[in-house]
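Visitor: This is the structure I want to talk about, given as structure tokens.
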Amino acid sequence: MAHPFQQKFESVLERDKSKYVKPFIISWDYQAKRKKRGVKYSNGLPEDFYTFNGAQDIVKWMNWFSGEYPSFYKDELINPLIEKSKQNDIAILKNLGIDYDFNQYKNVGLNNAHDFFIPQSYPVPKEFEIKTVLDFGAGSGRQANLWWSHLNGKGNFIAVDAIPMSYGLQHHYYKAIKPDFVDYIDNPDAFKIDTKGSNLYHVPTWRLDLVPDNSVDLILCVQVLPELGKQLILHIFEQFQRILNPGGAFYIRDLNYMYKAFGTVDIDTALINAGFTLEYKAFIEHNKHLHGIPKVWRKNMESITNVQKNNLNQKKRYLLEDIDALTGGILKRKK
Ligand SMILES: C[S@@+](CC[C@H](N)C(=O)[O-])C[C@H]1O[C@@H](n2cnc3c(N)ncnc32)[C@H](O)[C@@H]1O
């Protein structure tokens with residue numbers, strides 16, 4: 002007998018199928034390929050991502066963050082965030098009735114700390130202050146740990162996923178943080194994001210259209226893009242361009258080009274074509290300085306992008322100045 006949440010998820014998916022769901026939107030290409038190859042994960046890790054068996058599987062997800070995770074950030078900046086994340090998770094797992102050995106916790110907290118700290122690690126103009134965050138491909142829901150503590154009362158946290166096990170874990174994790182959070186799967190017809198309020202929302206990838214235009218300040222996409230197919234990547238970039246505020250940030254941390262399941266998309270070119278500008282990319286070595294390469298892209302904003310390149314009038318002026326110089330000032334230009 003399927004878990005009640007799995008049944009609910011499947012019935013909403015079925016209901017939405019003809020109108021909103023295309024196979025590429027709900028596909029996790031990396032896992033589909035792994036299944037075809039018959040590759041098994043070791044014990045203690047999630048195996049079947051298409052079956053949600055209950056919130057206790059969150060522990061399997063946490064087991065993923067094992068081994069050495071380097072960090073080049075100062076301990077005094079990161080350690081308090083790890084501790085805060087740990088205290089939050091102690092309360093959340095207790096709420097869910099899950100036993101977990103918190104001696105294993107450090108890397109989970111470190112990942113949470115990095116993804117909270119890095120997008121805010123350098124000064125930006127006031128209008129880019131982060132009040133609403135969207136986490137795409139949200140795993141066990143872990144980004145809500147530090148981000149919701151920060152956003153609560155200021156703006157929304159919106160999580161997006163399409164895979165039954167991940168979606169189910171996220172649902173239970175968010176419920177343990179905020180019992181009255183709003184999940185599309187609970188009541189699809191009533192689902193509406195209040196852009197003026199501050200709440201936690203959960204929406205499947207096939208209903209990204211429900212996230213209003215220009216309503217998000219920061220999108221998080223951690224260890225997700227290299228695992229998706231080309232059609233989905235191009236689709237979400239178009240959606241991210243629509244839902245981000247002008248100048249809004251798109252934070253990516255993954256293995257970049259060192260690891261790509263489906264090497265058919267040049268992510269940087271696709272982002273430039275979709276109207277983004279790269280603001281920050283750490284010049285570091287994966288797994289020596291940090292796990293993955295963090296990047297921040299920004300949605301182009303006319304008033305800024307226009308003054309960061311020469312317009313036609315400036316190009317004309319420079320050309321005339323060159324001719325003037327070559328001809329010994331024959332054009333008699335004053336400026
Ligand atoms: C490797 S996990 C990373 C999880 C999380 N971002 C983290 O850093 O802990 C990849 C995530 O992408 C999600 N995902 C896969 N296919 C997706 C799709 N079609 N739409 C949205 N999310 C998807 C998976 O369910 C999973 O949550």
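In terms of the working numbering, the sequence shown opens at residue 2 and continues consecutively. Quick reminder that beta carbons are idealized off the backbone N, C-alpha and C, glycines included.
Just verifying my parser: in three-state terms, what is the DSSP assignment at Ile164?
Guide: It is coil, neither helix nor strand.
Visitor: Is the region 185 to 197 touching the region 222 to 233, taking contact as three or more C-beta pairs under 8 Å?
Guide: With a cut-off of 8 Å, the region 222 to 233 and the region 185 to 197 do not count as touching, because too few Cβ pairs lie within range.
Visitor: How is Ile273 classed by DSSP in three states: helix, strand or coil?
Guide: It is helical.
Visitor: To the nearest angstrom, how far is it from the Cα of Tyr149 to the Cα of Phe158?
Guide: The sequence given here places Trp at residue 149; Tyr does not occur at that position. In a straight line, the C-alpha of Trp149 is about 6 Å away from that of Phe158.
Visitor: Can you tell me the Cα-Cα spacing of Pro5 and Gly55, whole angstroms?
Guide: Their Cα atoms are separated by approximately 9 Å.
Visitor: Which residue or residues does DSSP assign as beta-bridge partners of Thr278?
Guide: Paired residue(s): Arg299.
Visitor: Could you compute how far the alpha carbon of Asp100 sits from the alpha carbon of Leu82?
Guide: Using only the alpha carbons, I get a separation of about 22 Å.
Visitor: Is Phe251 helix, strand or coil by DSSP?
Guide: DSSP places Phe251 in strand when its eight states are reduced to three.
Visitor: Taking 6 Å as the cut-off, does the CB of Trp148 come closer than this to any heavy atom belonging to ligand 1?
Guide: Not so, every heavy atom of ligand 1 lies at least 6 Å from the Cβ.
Visitor: So, is Ser19 buried or exposed, given that buried needs 16 or more other C-beta atoms within 10 angstroms?
Guide: That one is exposed.
Visitor: For Phe103, I'd like the list of residues in its chain whose CB is within less than 7 Å of its CB, leaving aside the five on either flank, ordered along the chain.
Guide: Closer than 7 Å at Cβ, skipping near neighbours: Lys87 and Ile91.
Visitor: Answer with buried or exposed for Tyr202, where buried requires no fewer than 16 other C-beta atoms within 10 angstroms of its C-beta.
Guide: Counting Cβ neighbours within 10 Å, Tyr202 comes out buried, since at least 16 surround it.
Visitor: Per DSSP, which residues does Leu245 bridge with? Please list them.
Guide: The partner list for Leu245 (beta bridge, DSSP) reads Val217.
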